[in-house]
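Below: the structure, in structure tokens.
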Amino acid sequence: METITYNLKPDGKSSDEYYETIHLFSKQVYEQLEKMASALISDYQEFIQYNDIEKLRSRGEYAVELLILGMAWQRYLGAAKHTNVVLLKLMDVLFQWRNKYFWIKPEIDMVRGWISGHFMTPKISKFHRSRRFTLHNFKRLILWLRASGEFMDEVRRLSQWRRFCQMMGRQVTHQTLEKANEMIDWFREEAQMELGAYTDGVTRFLKEEHHRYRYREDEIFTGKEPLEYHLNMVGAEIMNRGFEEDYNKTRRCVVLLPKCMTSPGDGKCRAKAIGFDIACQRCTPTCNIARISRLGDENGFEVRIVPHTSGFITWLKRWQNDPDVGLIAVACLLNLVTGGYEMRQLDLNAQCLLLDYCGCKKHWHPDGLPTDINTDELLRMIKQKTEVLSENRMVV
19 METITYNLKP DGKSSDEYYE TIHLFSKQVY EQLEKMASAL ISDYQEFIQY NDIEKLRSRG
79 EYAVELLILG MAWQRYLGAA KHTNVVLLKL MDVLFQWRNK YFWIKPEIDM VRGWISGHFM
139 TPKISKFHRS RRFTLHNFKR LILWLRASGE FMDEVRRLSQ WRRFCQMMGR QVTHQTLEKA
199 NEMIDWFREE AQMELGAYTD GVTRFLKEEH HRYRYREDEI FTGKEPLEYH LNMVGAEIMN
259 RGFEEDYNKT RRCVVLLPKC MTSPGDGKCR AKAIGFDIAC QRCTPTCNIA RISRLGDENG
319 FEVRIVPHTS GFITWLKRWQ NDPDVGLIAV ACLLNLVTGG YEMRQLDLNA QCLLLDYCGC
379 KKHWHPDGLP TDINTDELLR MIKQKTEVLS ENRMVV
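Just so it is clear: in the sequence shown, position 378 is 396 by the numbering used here, and no numbers are missing.
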């Protein structure tokens, strides 16, 4: 099996060891972040409640947002400060147009790729990190992230942190941004030691392959460094714990699989489009989606195929007002936290599960590499919910 960037089973056998590692490491990360930023997270939760911004989420999720802030500050602020504001606003408008006017999306992507390749991406990580922890720099960073189109859900979260800083004043602004930088410095070293074996391919890809993405609309997305992969690994695990209680109360389970998991024997997928749905025809017994569909028959869960993450939030809305449905969303590592934020936005009861490796034709492989998941981890999520439901029935 070809490793493009990340691989949860570097030995080629199983990703079981990865899940053992990430379950333990994420717990250690959360405990350390609590030590580093307990008071700050408490103050932010009070701000959220006082301003009625959202239903309060787990402390771990807010800690992950601080890690995201620290990562973005160190990696993208230099580019944000050295990219013309007019161009950033133009890129933002073009991104909105590509989502609204889908028939001209390819042309818009070409324009965005050209602008990004000339003016945005060459400046990523080219400047020393700024110690000027100011609202002005914070605003400029958010503007750049929004213009890139790759961090829309993160922008929503970080915008609330900026609002918090604005209300609390200059001293708290400095303390918050400084703390976020301290947290990501600690996380970078620890994550590389614990998770680096699963992202060995990222450095090679960036050095040998990523230059081919220059002037492409997905240049920023595919150009992320190992730290961002590690942050998604831990972030997804911590978000799952935040979702867990409500997910375990649901009675029906739907597993959402990306189309890149199809592996038909003759290379031609016979899945049928029915409205927004794509229905697997089980034409090839060894196809990963057909195999998991059979597991669903045996273990009481449904399977749906999601065409691509760009339409994910539209696809999810059918379950927005159904508290009895628990979702397990499978996605590529770099899409996982974003998918979690989208499910939070719709107040869905869900869990996230990583693809063992990436391989979609759109971003990573010219012919498309059939992807896969750890079915033992999937069944653990199913069994966990079933056991909680059984215990609740016994109590009643």
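Think of the CB as a built atom: it goes at the ideal place given N, C-alpha and C, for glycine as much as any other residue.
Counted within 10 angstroms of its Cβ, other Cβ atoms place residue i as buried (16 or more) or exposed
i: Leu-371; result: buried
i: Tyr-231; result: buried
i: Arg-164; result: buried
i: Leu-354; result: buried
i: Asp-29; result: exposed
i: Gly-187; result: exposed
i: Gly-344; result: buried
i: Val-413; result: In this prediction, Val-413 has a pLDDT of 46, which is less than 50 and means its spatial position is unreliable; nothing more can be read from the coordinates.
i: Met-128; result: exposed
i: Trp-121; result: exposed
i: Pro-276; result: buried
i: Ser-44; result: buried
i: Ser-56; result: exposed
i: Tyr-48; result: buried
i: Lys-197; result: buried
i: Lys-335; result: exposed
i: Arg-222; result: exposed
i: Leu-213; result: buried
i: Asn-102; result: exposed
i: Pro-244; result: buried
i: Tyr-119; result: exposed
7 Å Cβ cutoff met for residue i and residue j
i: Asp-236; j: His-136; result: no
i: Leu-249; j: Leu-85; result: yes
i: Met-109; j: Ile-133; result: yes
i: Tyr-233; j: Gly-131; result: yes
i: Ala-98; j: Arg-150; result: no
i: Met-399; j: Ile-346; result: yes
i: Asp-385; j: Arg-269; result: no
i: Met-251; j: Thr-389; result: no
i: Arg-93; j: Ser-166; result: no
i: Ser-60; j: Asp-374; result: no
i: Gly-219; j: His-228; result: no
i: Ile-391; j: Glu-255; result: no
i: Cys-305; j: Ser-281; result: yes
i: Leu-364; j: Gln-338; result: yes
i: Val-348; j: Phe-319; result: no
i: Glu-83; j: Arg-175; result: yes
i: Tyr-68; j: Tyr-80; result: no
i: Ile-238; j: Glu-168; result: yes
i: Arg-75; j: Gly-260; result: yes
i: Met-211; j: Met-54; result: no
i: Leu-105; j: Trp-162; result: no
i: Lys-403; j: Asn-199; result: no
i: Ala-291; j: Arg-300; result: no
i: Thr-23; j: Cys-376; result: yes
The beta strand (DSSP E) enclosing residue i, as first and last residue numbers
i: Ala-349; result: 343 to 349
i: Cys-370; result: 367 to 372
i: Arg-322; result: 320 to 324
Residues near residue i by beta carbon distance below 6 Å, same chain, minus five either side
i: Glu-64; result: none
i: His-100; result: Lys-141
i: Gly-358; result: Met-257 and Cys-370
i: Glu-172; result: Ile-86
i: Arg-77; result: Ile-59
i: Lys-27; result: Ser-33 and Asp-374
i: Ala-209; result: His-248
Enclosing alpha helix (DSSP H) for residue i [first to last residue]
i: Phe-239; result: 237 to 240
i: Ala-209; result: 188 to 213
i: Ser-166; result: 153 to 166
i: Thr-221; result: 218 to 226
i: Lys-123; result: 123 to 133
Closer than 7 Å to chain D by CB, residue i
i: Asn-199; result: No chain D is part of this structure, which consists of one protein chain only.
Same chain, Cβ closer than 8 Å to residue i, neighbours up to 5 away in sequence not counted
i: Arg-180; result: Leu-153, Phe-156, Lys-157 and Ile-160
i: Gly-253; result: Val-82, Leu-85, Ile-86, Leu-354, Val-355 and Gly-358
7 Å Cβ shell around residue i - same chain, five flanking residues per side excluded
i: His-192; result: Phe-151
i: Glu-395; result: Tyr-37 and Leu-371
message: Threshold first: 3 residues or longer. Then list the beta strand (DSSP E) segments lying entirely within the stretch 257 to 312, N to C.
response: Here the runs fully enclosed are 270 to 276, 290 to 292 and 295 to 297.
- prompt: For the stretch 47 to 106, which segments carrying the alpha helix (DSSP H) assignment without a break, of at least 4 residues, lie completely within its bounds, in sequence order?
  reply: Annotation note: the stretch 47 to 106 contains the following uninterrupted alpha helix (DSSP H) runs of length 4 or greater, listed N- to C-terminal: 77 to 99.
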